[in-house]
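Numbering (UniProt numbering), first residue to last: 1 to 171. Don't be surprised by glycine CBs; every beta carbon is placed ideally from N, CA and C. As the structure is a computational prediction, the values presented were derived from the model and not from experiment. Below is one structure, written out as structure tokens; the observations come after it.
Given below as structure tokens:
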């Protein structure tokens, strides 16, 4: 019985010391706000949102140009540029490119670099279904390369600010 009591006391002392150590470390971490780190504005990064608030029917092989670089969450940093549906990369390197679209019926949207498809968003069914598609991947780009989204065949896309967007950032 005495040995059990001694083990309990030893455990409580150990737990108190450990708790004090954890508390000391958490106070140090509080000084570093990991969620409010200043973004490195020299690193290329772009997020472009839809400029429209309605359904747009794009023709086959048409580049989607209804984007806004000054939307609520849009940004262009580190030399990234936006022009006529194109995100233009300022620096060579590996970029994570992503896109999300809100579609109706049979949607196929190509993510292209320099007019060459690198990935595609494709709805799983055809008909009057509506949904959201997302794709992303890492691609090696050169300075001056441009990224576009293009519909592969006539397709209605819901161009709502928070539903349809694309972007890229240097990793």
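Inter-residue Cα distance where the pair is residue i and residue j
i	j	result
residue 100	residue 122	11 angstroms
residue 88	residue 114	10 angstroms
residue 142	residue 170	11 angstroms
residue 155	residue 46	25 angstroms
residue 162	residue 98	14 angstroms
residue 168	residue 76	10 angstroms
residue 132	residue 96	20 angstroms
residue 164	residue 55	11 angstroms
residue 80	residue 160	23 angstroms
residue 90	residue 144	6 angstroms
Buried versus exposed call for residue i [16 or more other C-beta atoms within 10 Å across all chains shown]
i	result
residue 107	buried
residue 116	exposed
residue 60	exposed
residue 147	buried
residue 27	Residue placement at residue 27 cannot be trusted, given a pLDDT of 46 that sits under 50; what the coordinates show is reported in the next sentence. By the neighbour-count rule (16 or more Cβ atoms within 10 Å), residue 27 is not buried but exposed.
residue 57	exposed
residue 138	exposed
7 angstroms Cβ cutoff met for residue i and residue j
i	j	result
residue 158	residue 102	yes
residue 66	residue 52	yes
residue 69	residue 48	yes
residue 78	residue 42	yes
Residue of the options minimising C-alpha distance to residue i
i	options	result
residue 82	55, 149 and 153	149
residue 86	96, 111 and 133	111
residue 135	146, 118 and 77	118
residue 62	145, 144 and 152	152
residue 120	90, 91 and 109	109
residue 208	145, 44 and 104	This structure leaves residue 208 out entirely; the chain is present only between 1 and 171.
Ranges of the beta strand (DSSP E) found wholly within the stretch 39-119, counting only runs of at least 3: Annotation note: the stretch 39-119 contains the following uninterrupted beta strand (DSSP E) runs of length 3 or greater, listed N- to C-terminal: 45-50, 54-58, 75-77, 81-83, 86-88, 93-104 and 108-113.
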